[in-house]
Structure formats: structure tokens, C-alpha cells
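Trainee: The numbering used here numbers the first residue of the sequence shown as 153 and each following residue consecutively. Take this structure first; my questions come after.
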Amino acid sequence: MTLADTAQAEAVVADVAERGVHLFGEVLDPAACAALLADLKAGRDWGAGLFLDEAAFDADPQYRGVNPRPGRNLLEGYEARLKLVEANPAIVAGLTALLGEGYVLMDRKVVCGVPASVIPDWLKARIAGNPVNNLGAFVKPQYRDVTYFYGIDFHQDLIDFKGREADFVTLYIYLAPVTRADAPLFLLEGSHRLGASVFPHDLARDGETWRYRSDGREAATTQRVLTGGTGYAAMWHACTLHGTQPDEADHERISLRYLLARGPAAEAGMDRVNATLLGPLALADTRVDLDAEGAARIKANTVNQA
Ligand SMILES: O=C(O)CCC(=O)C(=O)O
Numbered sequence: 153m154t155l156a157d158t159a160q161a162e163a164v165v166a167d168v169a170e171r172g173v174h175l176f177g178e179v180l181d182p183a184a185c186a187a188l189l190a191d192l193k194a195g196r197d198w199g200a201g202l203f204l205d206e207a208a209f210d211a212d213p214q215y216r217g218v219n220p221r222p223g224r225n226l227l228e229g230y231e232a233r234l235k236l237v238e239a240n241p242a243i244v245a246g247l248t249a250l251l252g253e254g255y256v257l258m259d260r261k262v263v264c265g266v267p268a269s270v271i272p273d274w275l276k277a278r279i280a281g282n283p284v285n286n287l288g289a290f291v292k293p294q295y296r297d298v299t300y301f302y303g304i305d306f307h308q309d310l311i312d313f314k315g316r317e318a319d320f321v322t323l324y325i326y327l328a329p330v331t332r333a334d335a336p337l338f339l340l341e342g343s344h345r346l347g348a349s350v351f352p353h354d355l356a357r358d359g360e361t362w363r364y365r366s367d368g369r370e371a372a373t374t375q376r377v378l379t380g381g382t383g384y385a386a387m388w389h390a391c392t393l394h395g396t397q398p399d400e401a402d403h404e405r406i407s408l409r410y411l412l413a414r415g416p417a418a419e420a421g422m423d424r425v426n427a428t429l430l431g432p433l434a435l436a437d438t439r440v441d442l443d444a445e446g447a448a449r450i451k452a453n454t455v456n457q458a
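Shown next, in the form of C-alpha cells:
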């Protein structure tokens with residue numbers, strides 16, 4: 153490693169320690185991103201045809217197991233094309249600084265922010281005010297190789313990992329420009345400091361600052377909206393609060409979402425980051441918003457006030 157590389161690696165770790173996020177910016181080849189997006193979109197329905205009709209949904213509601221999984225993931229078959237992301241020098245260096253040599257790919261998938269215009273009225277009425285509008289339950293089974301959102305309240309990505317230590321990051325890639333109207337990610341910088349916390353979160357807005365409470369601790373966090381052009385990349389700690397508002401544009405927002413974990417290396421920046429967290433690194437239960445079937449039992453949403 154050159155001195156410049158070492159300084160860059162330290163800057164990435166310092167960013168994640170202080171803010172809970174590192175913004176790579178528009179580091180990916182825009183033409184390759186656009187070509188990948190065109191191929192991912194080709195020959196599929198991204199409109200109203202995604203959804204079950206109300207009677208079909210009510211005949212057998214399935215709230216669990218509706219996200220991509222091995223054998224049902226639109227990115228399968230695109231491994232070589234994804235080198236665009238996975239071999240990008242800035243991204244590899246950032247991940248190595250934080251997670252150590254030999255970091256582990258936990259998951260990669262396509263996430264679609266679904267525009268209001270394609271969601272059927274019956275479904276809009278049912279999901280209004282829900283904190284987590286992952287629409288997987290309502291899309292036809294053949295389309296569940298992508299995760300579809302109509303906004304999701306501030307949450308930690310640790311929410312999906314009961315009992316696991318927060319030893320991973322989320323890497324998010326925009327394959328097309330994302331403006332304020334395209335359901336950009338909202339992050340609360342500094343929120344990771346309170347460690348693992350049960351969803352939904354205790355947040356109160358004051359301008360661009362949010363007062364966040366967890367476990368008797370309090371933090372003043374700063375809202376950052378991730379707008380960016382084609383090839384924009386950012387990564388955040390598993391305890392960093394983030395969310396999206398419903399997509400206001402007339403077209404979908406298609407992104408790549410990776411989860412990457414600390415590898416077997418003796419040292420990794422993540423250890424230093426986690427040593428600074430004030431709260432727990434893991435939780436036996438990560439959320440209290442769902443009923444026994446996995447349906448929403450709480451109507452509340454804070455990110456929509458942002
Ligand atoms: O893309 C979105 O709308 C939400 C994504 C998100 O927050 C997540 O995948 O954890």
C-alpha cells in the first residue's frame with residue numbers, strides 16, 4: 153500500500169466511525185451502468201402487471217419468503233457484468249479498509265422503488281401509513297426475484313439479522329440518476345453510534361436534524377439525502393438509520409443493494425468503528441411492528457415527514 157492508499161483507507165474508516173456512512177460518489181462507469189440497467193429491465197413488466205389482484209392476494213396472503221433468494225434472484229447470470237461494481241478500485245479499497253481482506257458477500261439483489269402510478273388503488277389503501285412498504289407480498293410470484301419498495305421508514309439493516317453482530321455494511325448503487333423525486337435514500341448521520349436498536353425508532357425532527365433516542369441514550373443526527381447520478385455508490389454501517397419516501401416520479405428507481413461482511417482478517421476498520429458504539433452490537437429481537445403472519449400491525453411513519 154502506498155501512503156496515499158493508507159490515507160484513503162483511514163479516511164473511509166473515519167467516515168464510517170463518525171457518520172456511519174461513506175459516500176463514494178459517482179465512481180462507476182456510467183455507460184456500463186446504463187447498459188446493465190437496460191438488460192435488467194428488458195422483457196419484464198415493471199408496471200401495474202407486477203401485482204396480484206386483490207382476490208388472488210386475499211385467497212392466500214404470504215408475507216414471508218417474498219424477497220429474492222438463491223435460485224430466484226434477477227442478478228443470477230449477471231455475475232461477470234457485476235465486476236463493474238465488485239472490481240471497482242475505489243469500492244474494493246473502501247470495503248477492504250472497513251471489512252478486511254477476504255470480506256464476504258452476504259447478499260446482492262435488485263431493489264425497485266415503485267412509482268405511485270403503477271400501484272393498484274386497493275393496495276394503496278391497504279398500505280397507507282405502514283412503516284415498511286416492501287411490496288413483495290403483493291407482487292406475482294414470478295417477479296419476486298427483485299425487492300420492491302413503496303417507501304420504508306428509518307431502519308437499520310440489522311433489522312433482518314436477529315442475534316447477528318453488526319459486522320457488515322450495505323453498499324447501494326444507483327444505475328440511473330436519482331433526484332429528490334426518485335425515492336432517494338435518506339440517511340441519519342451519526343445514528344449508528346447508539347448501536348443496535350429495535351424498530352420502529354424513537355425519532356423527532358428539528359429541521360435537518362433528528363433527535364434519536366435508544367435504550368436511554370440520545371443522539372443528534374443529521375439528515376443526508378443521497379441524490380446522485382448514474383454510477384453513484386454509498387455504503388453504510390448496519391446500525392445506520394436510513395429510509396425512503398414513496399417514489400413520486402412517474403418511473404421506477406432501480407438500484408443494486410449489496411450486503412458485505414467482515415472477513416477473517418486479523419484486523420479490520422470495522423472493529424475500530426464498533427468499539428466506539430455506545431449501545432449493543434446485536435439484538436435478540438430487532439422489530440416489533442409485525443404480527444405473527446408478518447403483516448404490519450403498526451401504522452406509523454417518520455421518514456415521510458422528512
Ligand atoms: O430502496 C429503497 O427504497 C429502500 C432500500 C432500503 O432501505 C434497504 O434496502 O434497506
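Even for Gly, the Cβ is constructed at its ideal location relative to N, Cα and C.
Quick check on E231: does DSSP put it in helix, strand or coil?
Mentor: Residue numbering aside, residue 231 sits at position 79 when the sequence shown is read from its first letter. Shown here, E231 sits in coil according to DSSP, grouped into three states, outside any helix or strand.
Trainee: As a quick exercise: from H307, A448, T331 and E228, pick the residue whose alpha carbon is nearest that of Y215.
Mentor: Locating residue 215 in the sequence shown gives position 63, counting from the first residue. Here the closest residue by C-alpha is A448.
Trainee: Is F301 a contact residue of ligand 1, with contact defined as CB to any heavy atom under 7 Å?
Mentor: One-based indexing of the sequence shown puts residue 301 at position 149. The answer is yes for F301.
Trainee: Using the DSSP secondary-structure output, state which residues sit across from Y384 in a beta bridge.
Mentor: Looking up residue 384 in the sequence shown gives position 232. Y384 is bridged to E178 and Y326.
Trainee: With a threshold of 7 Å on Cβ separation, who are the neighbours of L430 within its own chain once the five nearest residues in sequence on each side are excluded?
Mentor: As a working note, residue 430 is residue 278 in the sequence shown. Same-chain partners within the cutoff: R345, L346, G347 and R369.
Trainee: Nearest-angstrom Cα distance between R233 and D358?
Mentor: Within the sequence shown, numbered from 1, the residue matching residue 233 stands at position 81. Within the sequence shown, numbered from 1, the residue matching residue 358 stands at position 206. Each residue's Cα considered, the two are about 43 Å apart.
Trainee: Where D259 and A356 are concerned, what is the direct C-alpha to C-alpha distance, given to the nearest angstrom?
Mentor: Within the sequence shown, residue 259 is the residue found at index 107, counting from 1. Within the sequence shown, residue 356 is the residue found at index 204, counting from 1. Going by the C-alpha atoms only, they are around 32 Å apart.
Trainee: Taking just the CA atoms, how far does L339 sit from L247?
Mentor: Residue 247 sits at position 95 when you count from the first residue of the sequence shown. Residue 339 sits at position 187 when you count from the first residue of the sequence shown. Their Cα atoms are separated by approximately 19 Å.
Trainee: Does DSSP classify Y295 as helix, strand or coil?
Mentor: Here residue 295 is taken as the residue at index 143 of the sequence shown, counted from 1. Three-state DSSP puts Y295 in a helix.
Trainee: Rounded to whole angstroms, what is the Cα-Cα separation between N426 and E341?
Mentor: As a working mapping, residue 426 is identified with position 274 in the sequence shown. As a working mapping, residue 341 is identified with position 189 in the sequence shown. Near 15 Å, if we compare the C-alpha coordinates of E341 and N426.
Trainee: Could you check how far apart the C-beta atoms of P352 and D423 are, in whole angstroms? I think they sit under 8 Å.
Mentor: By 1-based counting over the sequence shown, the position of residue 352 is 200. By 1-based counting over the sequence shown, the position of residue 423 is 271. Contact flag wrong, Cβ pair sits at about 29 Å.
Trainee: What residue from M387, R439, A444 and A434 has the CA that sits closest to V244's CA?
Mentor: Sequence index remark: in the sequence shown, residue 244 carries index 92 (1-based). Residue nearest to V244 within the set M387, R439, A444 and A434 is M387 (criterion: CA-CA distance).
Trainee: Could you tell me the boundaries of the alpha helix (DSSP H) in which Y426 lies?
Mentor: Taking the sequence shown and counting its residues from 1, the one referred to as residue 426 is at position 274. The amino acid at residue 426 is misidentified as Tyr; the sequence shows Asn. Start and end: G421 to A427.
Trainee: Below 7 Å, is the gap between the Cβ of A386 and the nearest heavy atom of ligand 3?
Mentor: Ligand 3 is not part of this structure, which contains only ligand 1.
Trainee: With three or more C-beta pairs closer than 8 Å as the rule, is the stretch 312-321 touching the stretch 274-287?
Mentor: no
Trainee: From what residue to what residue does the beta strand (DSSP E) around A356 run?
Mentor: Your numbering for residue 356 matches position 204 in the sequence shown. A356 -> beta strand (DSSP E) spans D354 to D358.
Trainee: Report, in whole angstroms, the separation of the C-beta atoms of A417 and G288, which I expect to be a contact under 8 Å.
Mentor: Locating residue 417 in the sequence shown gives position 265, where the first residue counts as 1. Locating residue 288 in the sequence shown gives position 136, where the first residue counts as 1. Wrong, their Cβ atoms sit about 35 Å apart, outside the cutoff.
Trainee: Does the Cβ of V263 lie closer than 7 Å to at least one heavy atom of ligand 1?
Mentor: Looking up residue 263 in the sequence shown gives position 111. Flag set: Cβ of V263 near ligand 1.
Trainee: At a threshold of 7 Å, does A335 count as lining ligand 1 (C-beta to nearest heavy atom)?
Mentor: Translated into positions along the sequence shown, residue 335 becomes position 183. Answer for A335: yes, Cβ within range of ligand 1.
Trainee: Which partner residues of F351 appear in the DSSP bridge assignment?
Mentor: Locating residue 351 in the sequence shown gives position 199, counting from the first residue. R439, per the DSSP bridge assignment.
Trainee: Who are the Cβ neighbours of V298 in its own chain at under 6 Å, not counting the five residues just before and after it?
Mentor: Translated into positions along the sequence shown, residue 298 becomes position 146. L226, V262 and C264, listed in sequence order.
Trainee: Alpha helix (DSSP H) containing D210: first to last residue?
Mentor: To locate residue 210, count along the sequence shown from 1; it is residue 58. It spans E206 to A211 - the alpha helix (DSSP H) in which D210 sits, taken as one unbroken run.
Trainee: Using the Cβ count rule (16 or more neighbours within 10 Å means buried), how would you classify D334?
Mentor: Position 182 of the sequence shown holds residue 334. So D334 ends up on the buried side.
Trainee: Closer than 6 Å by C-beta to W198: which residues in its own chain qualify, once you throw out the five before and the five after it? Chain order, please.
Mentor: Within the sequence shown, numbered from 1, the residue matching residue 198 stands at position 46. Contacts found: E404.
Trainee: I'd like to know whether the C-beta atoms of V256 and G415 end up nearer to each other than 8 Å.
Mentor: Here the question's residue 256 lines up with position 104 in the sequence shown. Here the question's residue 415 lines up with position 263 in the sequence shown. The answer is yes: Cβ separation under 8 Å.
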